[in-house]
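Visitor: In this note's numbering, the protein residues as written are 44 to 301.
#1: Which residues bound the alpha helix (DSSP H) around residue 124?
#2: Helix, strand or coil: how does DSSP classify residue 204 here?
#3: According to DSSP, is residue 284 helix, strand or coil?
#4: For residue 254, I'd like the list of residues in its chain whose CB is within less than 7 Å of its CB, leaving aside the five on either flank, ordered along the chain.
#5: Using 8 Å for Cβ pairs, my map puts residue 244 next to residue 104. What's the rounded Cβ distance?
#6: For residue 280 and residue 271, I'd like the C-alpha separation in whole angstroms.
#7: Once DSSP output is grouped into helix, strand and coil, what is the label at residue 270?
#8: Is DSSP giving residue 215 helix, strand or coil here?
#9: Would you give the residue range spanned by the beta strand (DSSP E) that residue 222 belongs to?
#10: So residue 229 and residue 196 are in contact, right, with Cβ under 8 Å, and what is the actual spacing, rounded?
#11: For a test of the three-state rule: what should DSSP assign to residue 279, helix, strand or coil?
#12: Do the segment 135 to 151 and the segment 253 to 269 make contact, defined as three or more Cβ pairs closer than 8 Å?
#13: Out of curiosity, what's the CA-to-CA distance linking residue 152 and residue 277?
#14: Can you round the beta-carbon distance between residue 99 and residue 150 to whole angstroms, since I take them to be within the 8 Å contact cut?
#15: What is the C-beta distance between residue 164 and residue 58, in whole angstroms, given that I count them as a contact (C-beta under 8 Å)?
#16: Could you check if residue 248 is buried or exposed, using at least 16 other CB atoms within 10 Å of its CB as the buried criterion?
#17: Would residue 298 be called buried (16 or more neighbouring beta carbons within 10 Å of its own) or exposed?
#18: When DSSP labels each residue in this structure, what does residue 59 get in the three-state scheme?
#19: Which residues in the same chain as residue 96 place their Cβ atom closer than 7 Å to its Cβ, once the five residues preceding and following it in sequence are excluded?
#20: Output the distance between the C-alpha atoms of residue 129 and residue 79, rounded to the nearest integer angstrom.
#21: Give me the Cα-Cα distance between residue 106 and residue 69, rounded to the nearest whole angstrom.
#22: Return helix, strand or coil for residue 52, following the three-state DSSP convention.
#23: Can you list, in chain order, the residues of its chain with a C-beta nearer than 8 Å to that of residue 205? Leave out the 5 residues immediately preceding and following it.
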């Protein structure tokens, strides 16, 4: 009976290790949702100037976060019920999520960290060319200049033949005239924002992907260990049952005396 007790102890140890890991894994899912939705919100502020393809990695990232929550439920059920099929499925799904996150990191490098200066310059120049003829373009370009501290497409010189708008002004004189303009062009600022966000997204995807790869190996290992312990427990019970059934009067076995 002591051996069965030891097997039960090992099973409980494996179970609680898996529960602890699953809780940690669900927190990585929460991180993905928060980071992905935050970055998507930042891009939304500049959506008038950005192609929709720039939103893809962030949307994909927080979508994976929701998938992680669903997979975590499978892991919790498997651990609580000590169900090796659920645990094995959990490990396999972790491996699939690892592949998805690596793909997200790679697509981020392609879409957000590849040379995008010319694409952004073309889009900004298109909006800038209609600054005085299109009220919507004027409104969005003013908002961009004021919010990120930039002036013109490539710099203040873009306004040399035009009237400098108040949104380009960094400091004002007492009479409210412009004392100093923002020196950076909006294309440089947007390129920096997109590249910086690309670095954050790619780093997040790769780091959490490594964690999930380790988690997949861990879950499969624990599932296999749990399966072996349950088989050992069932086998030990079968031996004890046979010993009891085969007991005869006068047997000296301790179990027979009981």
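Note that CB positions come from ideal geometry on N, CA and C, so glycine has one too.
Guide: A quick look at the data gives this:
#1: 99 to 124
#2: coil
#3: helix
#4: 71
#5: 6 Å
#6: 14 Å
#7: helix
#8: strand
#9: 221 to 224
#10: 6 Å
#11: helix
#12: yes
#13: 52 Å
#14: 7 Å
#15: The Cβ separation is near 58 Å, so there is no contact.
#16: buried
#17: Residue placement at residue 298 cannot be trusted, given a pLDDT of 48 that sits under 50; what the coordinates show is reported in the next sentence. Per the 10 Å Cβ criterion, exposed.
#18: helix
#19: 154
#20: 28 Å
#21: 14 Å
#22: helix
#23: 174, 175
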